[in-house]
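Using the numbering used here, read the sequence shown as starting at 409 and increasing by one per residue. No residue lacks a Cβ here, since even glycine has one placed at the ideal position from N, Cα and C. Note that the structure is predicted; figures quoted are calculated from it, not measured. Note sheet for the following structure.
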Amino acid sequence: MIKKLAWIIYGLGFGIIITGCGHNYVSARVEPGDDISSIKTVAVLSFENLTKFHEAGKIVADLLATELYISGRFKVMERTEALAICAEEGIRIPEAMDAGYARILGEKLGVDGVFIGSVSEYWYRIYREEDEEVEPAVGINARLISVATGDVVWAASVTRSSYDLLMSQKDPLNRIAQLSVMEMLDTLL
């Protein structure tokens, strides 16, 4: 009995060490009904950047567009195409956008849905004060707006960081952002 308990404790300890110690939190809501099933084409606009990292909003929006394209669930309008259409029409795209404005833009772009959101964290943060050890950390909030109704039909938020007890090298910041986007989309697709 004691031998069996010792093996269980060793196994649990080894499992914890092998899986690392990254942290992540995802919350999401999908609005019930047919609103999402009627959305076939989407535009992903630059996300509002609430970080010190200069292009975080564009980087995360591009990661989201790429993962949506890979999923095959939606036809995705390129961000550059959306910007070109808006420039032709004389429409300014604000960095921070509400559902009403996203709906208007979606109508002009000829899409069924518009992804908007913000990046609240995109940086390396100190997780161990004594030696100033850092870890990559990402915080993303995203919403899918139905152009037909102007309603938010899906929303998700993710916070993720990564560090590993066994390795001194951490995942790159962009990899943490990509994993975060994939986790968010798992709640939609």
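If you draw a straight line from the C-alpha of residue i to the C-alpha of residue j, how long is it?
| i | j | result |
| --- | --- | --- |
| residue 597 | residue 533 | 31 angstroms |
| residue 594 | residue 522 | 18 angstroms |
| residue 503 | residue 444 | 25 angstroms |
| residue 498 | residue 555 | 20 angstroms |
| residue 530 | residue 440 | 31 angstroms |
| residue 592 | residue 553 | 16 angstroms |
| residue 492 | residue 478 | 23 angstroms |
| residue 589 | residue 436 | 12 angstroms |
| residue 510 | residue 501 | 9 angstroms |
| residue 548 | residue 448 | 23 angstroms |
| residue 546 | residue 564 | 14 angstroms |
| residue 581 | residue 446 | 35 angstroms |
| residue 566 | residue 455 | 14 angstroms |
| residue 462 | residue 550 | 19 angstroms |
| residue 519 | residue 583 | 29 angstroms |
| residue 467 | residue 474 | 11 angstroms |
| residue 496 | residue 432 | 41 angstroms |
Got a sec? Which residues, its chain only, sit under 6 angstroms from residue i by beta carbon, not counting five neighbours each side?
| i | result |
| --- | --- |
| residue 457 | 464, 465, 527 |
| residue 476 | 482, 484 |
| residue 490 | 451, 517 |
| residue 514 | 522, 555 |
| residue 562 | 438, 552, 596 |
| residue 434 | 566, 591 |
| residue 494 | 501 |
| residue 480 | none |
The beta strand (DSSP E) that contains residue i, what's its start and end?
| i | result |
| --- | --- |
| residue 450 | 449 to 452 |
| residue 552 | 541 to 554 |
Along the alpha helix (DSSP H) that carries residue i, what are the first and last residues, could you check?
| i | result |
| --- | --- |
| residue 489 | 487 to 497 |
| residue 560 | Taken as a continuous stretch (DSSP letters only), residue 560 belongs to no alpha helix (DSSP H), being part of the beta strand (DSSP E) at 560 to 569. |
| residue 515 | 507 to 517 |
| residue 640 | The displayed coordinates of the chain run from 409 to 597. Any statement about residue 640 would go beyond what the structure contains. |
| residue 581 | 581 to 594 |
Who are the Cβ neighbours of residue i in its own chain at under 7 angstroms, not counting the five residues just before and after it?
| i | result |
| --- | --- |
| residue 460 | 531 |
| residue 471 | 585, 586, 589 |
Kindly list the residues whose CB is nearer than 8 angstroms to the CB of residue i, restricted to its own chain and excluding five residues on each side of it in sequence; keep chain order.
| i | result |
| --- | --- |
| residue 453 | 469, 487, 490, 501, 505, 510, 513, 522, 523, 524 |
| residue 559 | 439, 443, 507, 553 |
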